[in-house]
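Numbering (this note's numbering), first residue to last: 5 to 233.
We put the CB at the ideal spot given by N, CA and C, even for glycine.
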């Protein structure tokens with residue numbers, strides 16, 4: 005690997021994450037290709053049927069957790085069991101007093117566990133406006149009670165990248181969509197945090213993809229270093 009290898013991250017990395025790439029002699033460009041903001045959602049535990057909170061909670065992202073944590077009425081929620089996607093989502097929940105019963109790396113795997121083992125329970129899924137259909141569809145197919153409350157919005161913040169880059173880090177299907185609005189992918193190697201992000205690229209006929217062994221930012225960075233070494 006030479007110092008000429010330039011990596012674009014489609015979201016701003018933490019300083020320590022960026023430093024790992026810099027220490028490995030990469031040039032790093034960072035841009036946030038998506039933004040999230042909390043919505044004014046109704047979470048009244050004694051409200052309408054639509055806002056009724058079921059016995060178990062589902063989170064598939066840290067964004068949803070952070071949106072819910074901004075609320076004052078959390079005491080009742082913390083008495084409920086939680087199912088989530090992602091180790092960092094699990095950690096964030098537990099740090100804030102939630103009891104996580106099960107977590108997986110992918111939504112489809114979580115839906116399978118719920119369907120096989122916890123299918124007699126009822127669930128409320130805290131989600132964003134661009135959530136994928138995989139989890140709710142599987143629960144519906146298995147006749148598992150689940151309602152949804154949209155707690156945050158994902159906004160595409162596309163930017164034209166004029167620098168020549170060798171590799172691109174992608175962390176969500178939304179990030180892929182945002183990047184491709186103003187940019188094309190030719191020979192750049194695409195490093196993806198997980199299978200669903202990779203699928204968004206594959207749907208655009210892009211083949212030069214590396215998927216992280218585990219769905220974390222750190223593992224994406226590890227793949228970059230391993231690939232170029």
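Close beta carbons around residue 22, own chain, < 6 Å, minus the five adjacent residues each side: Hits under 6 Å: 32.
Completely contained beta strand (DSSP E) runs for the stretch 60-147, where each covers 3 or more residues: Here the runs fully enclosed are 60-63, 85-89, 103-108, 127-132.
Length of the line joining the Cα atoms of residue 206 and residue 80: CA-CA distance, residue 206 to residue 80, rounds to 42 Å.
Residue 88 and residue 72 closer than 8 Å at C-beta: No. Outside cutoff.
Endpoints, the beta strand (DSSP E) within which residue 41 is located: Going by DSSP, residue 41 is part of the beta strand (DSSP E) stretching over 38-42.
Euclidean distance between Cα positions of residue 146 and residue 124: Distance between the alpha carbons of residue 146 and residue 124: 10 Å.
Inter-stretch contact at 8 Å, needing at least 3 Cβ pairs: the stretch 35-42 / the stretch 150-159: Touching, per the Cβ criterion.
Segment contact, 8 Å Cβ cut-off, at least three pairs: the stretch 183-197 with the stretch 209-216: Between the stretch 183-197 and the stretch 209-216 there are three or more C-beta pairs closer than 8 Å, enough to call the two in contact.
Residue 34 versus residue 16: straight-line alpha-carbon distance, rounded: Approximately 5 Å between the Cα atoms of the pair.
Status (buried if at least 16 other CB within 10 Å, exposed otherwise) for residue 101: The residue is exposed, with fewer than 16 neighbouring Cβ atoms inside 10 Å.
Where residue 49 falls: helix, strand or coil (DSSP): Annotation note: pLDDT 46 at residue 49 (below 50); position unreliable, coordinate value reported separately. Coil at residue 49, not helix or strand.
Proximity of residue 172 and residue 14 at Cβ, strictly below 8 Å: A contact, by the Cβ cut-off of 8 Å.
One or two residues paired with residue 171 in a DSSP bridge: Bridge partners of residue 171: 11, 193.
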